[in-house]
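Peer 1: Chains as they are written, first to last, in the working numbering: chain X, 1 to 226; chain A, 1 to 302.
We treat Cβ as the ideally placed atom computed from N, Cα and C, and that holds for glycine.
After the structure tokens below, expect a handful of questions from me.
The following block contains the structure:
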């Protein structure tokens, strides 16, 4: 579904991604793990063509990802929930979902409300006044409004209380079970390994592990990987 | 009386300019200093068409707006791919470069500008009629911008300005929205230029220098950036108050510096006392109240 072939990225001469190659299959839930600066966010941005100067190839369903046009890749079915700034804080919850759904005739609002009833309850609330967890749920809901086939998430648990992290992970599990492929970049290793069936570990821009999450979780020296 | 009406015409023209600049910089988040050049393109196009082809003023003003729109799209397509400081620099280059062209071409009158622009309305009611026209267009501009920014398209503009990557990740084309916002704002500035040319019957390059964007920006900031009524309040204050002291009959050597001091004092006062601007401050207060109410109701729900 999503294929990386020999992807390299340099920022100002400093290598960030080195010769990354892997495939994400339809329906998978893949965790991209690694320490700060390992290249996780850059890898995710390559999937939507948002990295200048990337070499190698990233393709989605056999077609190259369009570089420099995030919106075109989104319209092809690649959903991205960026880290942190992923809701429009001045708009209400309903307006956020409206902005997200304008390109999807028919919309997915009923599905989003069914999955996240809190968004319907808080429809008229300004997004900036929602709690961190609710903002993350809203960001997920907004991305689902575009009816993505694959959903890429950049550290959705950042800044959230553990109990809220569980809620977010449960939501992602439901999304994945409904047939949407999920790729999640995270630093919360235990929670992510419970969610994802496959894990890829990056270290200094290189892939140092690509295998089953269970296998990674069993490793006695797990924390030395990060 | 004639003097007061002329000042009111000028206020109406600056309401149009400041409101259109606010659409570009306040709502669209596009940092540009090239607004005076689109004002100039409107003024010069209207003046030249009026003088050489004798076209009706309405046609000339609309043609001025179209020229401003075309020029803004050309700038936007090249410069809006970049953002922030780079856009600022590109717009500065565009402003300075095009004004040099205007200063150096014979058909634009060179540094001396163009005079004898046809007088389309004559008689004792000339100024009141112009005031009615400019005031109506200013009101129409404010209404149009309010319609744009408070509708679905306005929400998309706000979303694009605040979180561009998140916006693009939802399948929305940020570039198209930027170009459209820029073109609308610059087209409106072109209309203001046409109105200026036909009322004052004289245009010269110095009226469109880059420093005028600082005056427009000050109007926007003092009134409240990103608010519909902010630029209106800003334009009224920054034109009317410095002009009011002319009634004190001070000697010219005192008058001009005094107007500058009043302008600067107003800017300093607002920066310290109301940094969100007069109308912006009121909106923020309302927003704070609304948010507090929502938070308390959210807390009660939990």
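Counting only C-beta atoms, is residue 224(A) closer than 8 Å to chain X at any point?
Peer 2: So, not an interface residue.
Peer 1: Could you check if residue 95(A) is buried or exposed, using at least 16 other CB atoms within 10 Å of its CB as the buried criterion?
Peer 2: Buried.
Peer 1: Okay, do the stretch 23–42 of chain X and the stretch 200–211 of chain X touch, 3+ Cβ pairs below 8 Å being the bar?
Peer 2: The answer is yes - the stretch 200–211 of chain X touches the stretch 23–42 of chain X, with three or more Cβ pairs under 8 Å.
Peer 1: Identify which residue in 212(X), 208(X) and 196(X) has its Cα closest to the Cα of residue 224(X).
Peer 2: Nearest of 212(X), 208(X) and 196(X) to residue 224(X), Cα basis: 208(X).
Peer 1: So, helix, strand or coil for residue 180(X), using DSSP?
Peer 2: Coil at residue 180(X), not helix or strand.
Peer 1: Within a Cβ cutoff of 7 Å, which residues of the same chain sit near residue 188(X), ignoring the five residues on either side of it in sequence?
Peer 2: Once the five neighbours on either side are set aside, the close Cβ partners of residue 188(X) are 157 and 165.
Peer 1: Between 155(A), 255(A) and 180(A), which has its C-alpha nearest residue 98(X)'s C-alpha?
Peer 2: Of 155(A), 255(A) and 180(A), the residue nearest in Cα terms is 155(A).
Peer 1: Under 8 Å between the Cβ atoms of residue 189(A) and residue 57(A)?
Peer 2: Their beta carbons are not under 8 Å apart, which means residue 189(A) does not touch residue 57(A) by this criterion.
Peer 1: For residue 181(X), count neighbouring C-beta atoms within 10 Å of its own C-beta (all shown protein chains included) and say buried if the count is 16 or more, exposed if not.
Peer 2: Its Cβ being crowded by 16 or more others within 10 Å, residue 181(X) is buried.
Peer 1: Any idea if residue 114(X) is buried or exposed, counting beta-carbon neighbours within 10 angstroms, 16 or more meaning buried?
Peer 2: Looking at its Cβ environment, which holds fewer than 16 other Cβ atoms inside 10 Å, residue 114(X) is exposed.
Peer 1: Which residue or residues does DSSP assign as beta-bridge partners of residue 152(A)?
Peer 2: For residue 152(A), which the question treats as bridged, DSSP gives no partner whatsoever.
Peer 1: Using DSSP with H/G/I as helix, E/B as strand and the rest coil, what is residue 224(X)?
Peer 2: If DSSP states are grouped into helix, strand and coil, residue 224(X) belongs with the helices.
Peer 1: Quick one: any contact between the stretch 123–132 of chain A and the stretch 43–62 of chain A, if contact means 3 or more CB pairs under 8 Å?
Peer 2: Verdict: no, contact absent.
Peer 1: Are the C-beta atoms of residue 71(X) and some chain A residue less than 8 Å apart?
Peer 2: True, the Cβ-Cβ gap to chain A drops below 8 Å.
Peer 1: Looking at the strands, I want to know which residues DSSP matches up with residue 198(A).
Peer 2: Answer by DSSP bridge pairing: none, since residue 198(A) is not bridged.
Peer 1: Just grab the DSSP bridge partners of residue 246(A) for me.
Peer 2: Looking at the DSSP assignment, residue 246(A) forms no beta bridge with any residue, so it has no partner.
Peer 1: Whole angstroms are fine: how far does the CA of residue 61(A) sit from the CA of residue 227(A)?
Peer 2: Looking at the two C-alpha atoms, the distance is approximately 27 Å.
Peer 1: Can you tell me the Cα-Cα spacing of residue 86(A) and residue 117(X), whole angstroms?
Peer 2: If you take the alpha carbons of residue 86(A) and residue 117(X), they lie about 43 Å apart.
Peer 1: Tell me, to the nearest whole angstrom, how far the beta carbon of residue 149(A) is from that of residue 80(A); I am working on the premise that it is less than 8 Å.
Peer 2: Not quite, the Cβ-Cβ distance comes to about 19 Å (not below 8 Å), so this is no contact.
Peer 1: Below 8 Å between beta carbons is the criterion; list the residues of the stretch 164–198 of chain A that meet it against any residue of chain X, in chain order.
Peer 2: Flagged, chain order: 165, 166, 167, 168, 169, 170, 171, 172, 173 and 174.
Peer 1: With 16 as the cutoff for other CB atoms within 10 Å, does residue 136(A) come out buried or exposed?
Peer 2: Exposed, because fewer than 16 other Cβ atoms sit within 10 Å of the Cβ of residue 136(A).
Peer 1: If we define contact as Cβ-Cβ less than 8 Å, is residue 136(X) a contact residue for chain A?
Peer 2: Chain A contact via Cβ: absent.
Peer 1: Quick one: list the residues of chain A neighbouring residue 173(X), beta-carbon separation under 9 Å, in chain order.
Peer 2: Those within 9 Å of residue 173(X) in chain A number zero; the least Cβ separation is about 22 Å.
Peer 1: Report the rounded CA-to-CA distance for residue 37(A) versus residue 242(A), giving the unit in angstroms.
Peer 2: Those two C-alpha atoms are separated by around 24 Å.
Peer 1: Kindly indicate which residue of 169(A), 164(A), 9(A) and 224(A) has the alpha-carbon position closest to the one of residue 238(X).
Peer 2: This structure cannot speak to residue 238(X), because chain X is shown only from 1 to 226.
Peer 1: Taking its Cβ as the centre, do 16 or more other Cβ atoms sit within 10 Å of residue 2(X), making it buried, or is it exposed?
Peer 2: The residue is buried, with at least 16 neighbouring Cβ atoms inside 10 Å.
Peer 1: Would a C-beta distance cut-off of 8 Å place residue 191(A) and residue 16(A) closer than the cut-off?
Peer 2: Yes, the pair counts as a contact, with Cβ atoms nearer than the cut-off.
Peer 1: Check this for me: beta carbons of residue 203(A) and residue 33(A), under 8 Å apart or not?
Peer 2: Cβ distance not < 8 Å, so residue 203(A) and residue 33(A) don't count as in contact.
Peer 1: For residue 27(A), count neighbouring Cβ atoms within 10 angstroms of its own Cβ and tell me buried if that reaches 16, exposed if not.
Peer 2: Residue 27(A) comes out buried.
Peer 1: List in chain order: all unbroken beta strand (DSSP E) runs of 3+ residues lying wholly within the stretch 18–69 of chain X.
Peer 2: Segments of the beta strand (DSSP E) lying fully in the stretch 18–69 of chain X: 29–34 and 55–60.
Peer 1: Leaving out five residues before and five after residue 262(A) in sequence, what residues of the same chain have Cβ atoms less than 8 Å from its Cβ?
Peer 2: Once the five neighbours on either side are set aside, the close Cβ partners of residue 262(A) are 241, 242 and 245.
Peer 1: Per DSSP, what kind of secondary structure is residue 67(A) in: helix, strand or coil?
Peer 2: If DSSP states are grouped into helix, strand and coil, residue 67(A) belongs with the helices.
Peer 1: Would you call the stretch 70–77 of chain X and the stretch 134–150 of chain X in contact, with 3 or more CB pairs under 8 Å?
Peer 2: These segments touch.
Peer 1: With DSSP collapsed to three states, give me the class of residue 117(A).
Peer 2: Reduced to three states, the DSSP call for residue 117(A) is coil.
Peer 1: If the cut is a Cβ gap below 8 Å, which residues of chain A does residue 98(X) touch?
Peer 2: Within chain A, the residues near residue 98(X) are 152 and 155.
Peer 1: Residues of chain A with a CB under 9 Å from the CB of residue 50(X): which are they?
Peer 2: Those are 165, 168 and 169, listed as they occur along chain A.
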